[in-house]
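Q: Pasting a structure here, questions to come.
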Amino acid sequence: MPGDDAIPGIDAMMDGSTTGADAPSNLRCDPGKPFGTPIVLSALSSSFDEVTFALSGDELTAFLGRVTAGNPGTMLSTATRGSAVQAFGAPTVSPMVAAINSADGAEYSPSATNDALVLYFHRQTSDGNIGVYAALRADAQSNFDGGSLVNVGGSGLTSALAPVISADGQTLYWLDFQNFQLHSARRQNTPLVFGPAMVASTIPVYNPVLSRDELTLYYANGFAIDVLVSTRLSKNEAFGTGVPAANVNSSDNDAPVYLTTDGCVLYLSSKRSGGSGGYDFWEARRPL
């Protein structure tokens, strides 16, 4: 079934606790080291605002949200590459996401399951309603359907935004539109149905990005001001106030948008100088 995710090879690559001299030789970074200085992703950026971003588990397909002057002002696009060490090609509003974009409203904040067969996002319709949706497809060669409202605890997930699906596809996180606290729910029998909601942060957060083990949260402390990082000891605890993430913040507005499953690459939306204008995509990598 779409979204029933296994993560081939990832367990061997990283468990989040191995650092320094103990790090296996097949890691592409030392997960205990801080991120390096961000570099701009010119091929994915434009004079418009690039604001949301997600990757498939193999890191070969990117799902992007760009604010434009059109109507709707935001829709989803995709970009692809041949391998994880290559640069992405230019984003396009591809047939893969055409049905999503053709529905009423504007789409934001894509988050894909590891197999990229389920794409979660939030949609703001023309009447002002906002909710979390999931679009499905049968296989990686197919296009997504237009998306259906996610059900949490027996009700449609409305007044909610910025969904993030966990690396194993079993826990959905999102922000409450009223107080911007992070919430979570466990998946039930389909990718569209989740159990009761739980509060996952004691504070308001923006642009939530989670580590594979769901114990580290990167977020912006306002509408893209700075990137902060918070940790917790178990998934039963709520995240508290974080601290500024080392090396990734600038004097301009910065926000996290995606963390690779191995924790080695943090993607940002930033207004810092050196980009194409407005908010652009940047990446920061941990060294070996």
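According to numbering that gives the first Met the number 0, the sequence shown holds residues 0 to 287 in order. Cβ coordinates follow ideal geometry from the N, Cα and C atoms, glycine included. Nothing here was measured: the structure is a model prediction, and the numbers come from that model.
1. Please go through the same chain and pick out, in chain order, the residues whose beta-carbon is closer than 6 angstroms to the beta-carbon of Tyr107, but skip the five residues on each side of it.
2. For Gly241 and Val228, which I take to be in contact (beta-carbon distance under 8 angstroms), what is that distance rounded to the nearest angstrom?
3. If you follow the alpha helix (DSSP H) that Ser101 is part of, which residue opens it and which one closes it?
4. Are the CB atoms of Cys263 and Leu40 within a distance shorter than 9 angstroms?
5. Does DSSP put Ala245 in a helix, a strand or coil?
6. Using C-beta distances below 6 angstroms, list every residue in its chain close to Ala184, excluding the 5 sequence neighbours before and after it, in chain order.
7. Taking 8 angstroms as the cut-off, is the beta-carbon of Arg27 closer than that to any non-hydrogen atom of the ligand GDP?
8. Beta-carbon separation of Ser249 and Ser268 under 9 angstroms?
9. Which whole-angstrom value is the C-beta distance of Ala42 and Gly88, which I expect to be below 8 angstroms?
10. So, is Pro286 buried or exposed, given that buried needs 16 or more other C-beta atoms within 10 angstroms?
11. Could you check where the beta strand (DSSP E) with Ala166 kicks off and where it finishes?
12. Anyone know if the C-beta pair for Arg284 and Leu258 falls short of 9 angstroms?
13. Please determine, among Val66, Thr60, Val92 and Ser210, the residue with the shortest C-alpha to C-alpha distance to Arg80.
14. Less than 9 angstroms between the beta carbons of Gly104 and Thr91, yes or no?
15. Have a look at Gln187 and Gly274 and give me their C-alpha separation to the nearest angstrom.
16. Whole angstroms is fine: what's the gap from Ile129's alpha carbon to Gln140's?
17. Which term fits Trp281, buried or exposed, when burial requires 16 or more other beta carbons within 10 angstroms of its beta carbon?
18. For Gly64, report the span of its beta strand (DSSP E) as first-last.
19. Under DSSP, the beta strand (DSSP E) around Ala237 begins and ends at which residues?
20. At the level of alpha carbons, what is the spacing between Gln180 and Ala86?
21. My output table needs one value for Pro94: the three-state DSSP class, helix, strand or coil.
22. Tell me the residue span of the beta strand (DSSP E) that contains Thr77.
23. Output needed for Val163: all residues of its chain with C-beta closer than 6 angstroms, excluding positions within five of it in sequence on either side, in chain order.
24. By the three-class DSSP mapping on this structure, what secondary structure does Ala42 have?
25. Mapping the DSSP letters down to three states, classify Arg285 as helix, strand or coil.
26. Taking only the alpha-carbon atoms, compute the straight-line gap between Arg136 and Tyr217 and give it to the nearest angstrom.
27. For Asp251, tell me which candidate among Tyr278, Ser45 and Ala245 has the shortest Cα-Cα distance.
A: So, from the data block:
1. Within the sequence shown, residue 107 is the residue found at index 108, counting from 1. Within the same chain, Tyr107 has close Cβ partners Thr51, Gly64, Thr73 and His121.
2. Translated into positions along the sequence shown, residue 241 becomes position 242. Translated into positions along the sequence shown, residue 228 becomes position 229. With 8 angstroms as the limit, Gly241 and Val228 qualify as a contact, their Cβ atoms being about 5 angstroms apart.
3. In the sequence shown, the residue the question calls residue 101 occupies position 102. Ala97 to Ser101 is the extent of the alpha helix (DSSP H) around Ser101.
4. Counted from its first residue, the sequence shown places residue 40 at position 41. Counted from its first residue, the sequence shown places residue 263 at position 264. In this structure, Cys263 does not lie closer than 9 angstroms to Leu40 by Cβ.
5. As a working note, residue 245 is residue 246 in the sequence shown. Coil, per DSSP.
6. In the sequence shown, counting from the first residue as 1, residue 184 sits at position 185. Result list for Ala184: Val151, Leu171, Phe193, Gly194 and Ala196, in chain order.
7. Looking for the ligand GDP in the displayed structure turns up nothing, as the structure carries no ligands at all.
8. Position 250 of the sequence shown, counted from the start, is the residue given in the question as residue 249. Position 269 of the sequence shown, counted from the start, is the residue given in the question as residue 268. No, these two residues do not count as a Cβ contact at 9 angstroms.
9. Numbered from its first residue, the sequence shown carries residue 42 at position 43. Numbered from its first residue, the sequence shown carries residue 88 at position 89. Between Ala42 and Gly88, the beta carbon gap of about 7 angstroms places them in contact (Cβ cut-off 8 angstroms).
10. Counting from one through the sequence shown, the residue named residue 286 turns up at place 287. Exposed.
11. Here residue 166 is taken as the residue at index 167 of the sequence shown, counted from 1. Where Ala166 is concerned, there is no enclosing beta strand (DSSP E), given that its DSSP letter is neither H nor E.
12. As a first step, residue 284 is located in the sequence shown; it is residue number 285 there, counting from the start. As a first step, residue 258 is located in the sequence shown; it is residue number 259 there, counting from the start. No, the pair does not count as a contact, with Cβ atoms beyond the cut-off.
13. By one-based count along the sequence shown, residue 80 stands at place 81. The shortest Cα separation from Arg80 among Val66, Thr60, Val92 and Ser210 belongs to Thr60.
14. Sequence index remark: in the sequence shown, residue 104 carries index 105 (1-based). Sequence index remark: in the sequence shown, residue 91 carries index 92 (1-based). Cβ atoms of Gly104 and Thr91: not closer than 9 angstroms.
15. On the sequence shown, residue 187 is found 188 positions in, with the first residue counted as 1. On the sequence shown, residue 274 is found 275 positions in, with the first residue counted as 1. Their backbone Cα atoms lie some 42 angstroms apart in a straight line.
16. Taking the sequence shown and counting its residues from 1, one reaches residue 129 at position 130. Taking the sequence shown and counting its residues from 1, one reaches residue 140 at position 141. Cα to Cα, the separation comes out at about 29 angstroms.
17. Your numbering for residue 281 matches position 282 in the sequence shown. Per the 10 Å Cβ criterion, buried.
18. For the purposes of this step, residue 64 is taken as the residue at position 65 of the sequence shown. Segment Thr60 to Val66, the beta strand (DSSP E) holding Gly64.
19. Here residue 237 refers to the residue found at position 238 when the sequence shown is read from its first residue. For Ala237, there is no enclosing beta strand (DSSP E), as DSSP gives it neither H nor E.
20. Along the sequence shown, one-based indexing puts residue 180 at 181. Along the sequence shown, one-based indexing puts residue 86 at 87. Those two C-alpha atoms are separated by around 35 angstroms.
21. Locating residue 94 in the sequence shown gives position 95, where the first residue counts as 1. Helix at Pro94.
22. Here residue 77 is taken as the residue at index 78 of the sequence shown, counted from 1. Residues Thr73 to Thr79.
23. Numbered from its first residue, the sequence shown carries residue 163 at position 164. If we look at Val163 and ignore the five residues flanking it on each side, its Cβ neighbours are Ser110, Tyr172, Pro207 and Leu209.
24. Locating residue 42 in the sequence shown gives position 43, where the first residue counts as 1. Reduced to three states, the DSSP call for Ala42 is helix.
25. The sequence position of residue 285 within the sequence shown is 286, counting from 1. Coil, per DSSP.
26. As a working note, residue 136 is residue 137 in the sequence shown. As a working note, residue 217 is residue 218 in the sequence shown. Each residue's Cα considered, the two are about 29 angstroms apart.
27. Residue 251 sits at position 252 when you count from the first residue of the sequence shown. Put simply, of Tyr278, Ser45 and Ala245 the residue whose alpha carbon is nearest the alpha carbon of Asp251 is Tyr278.
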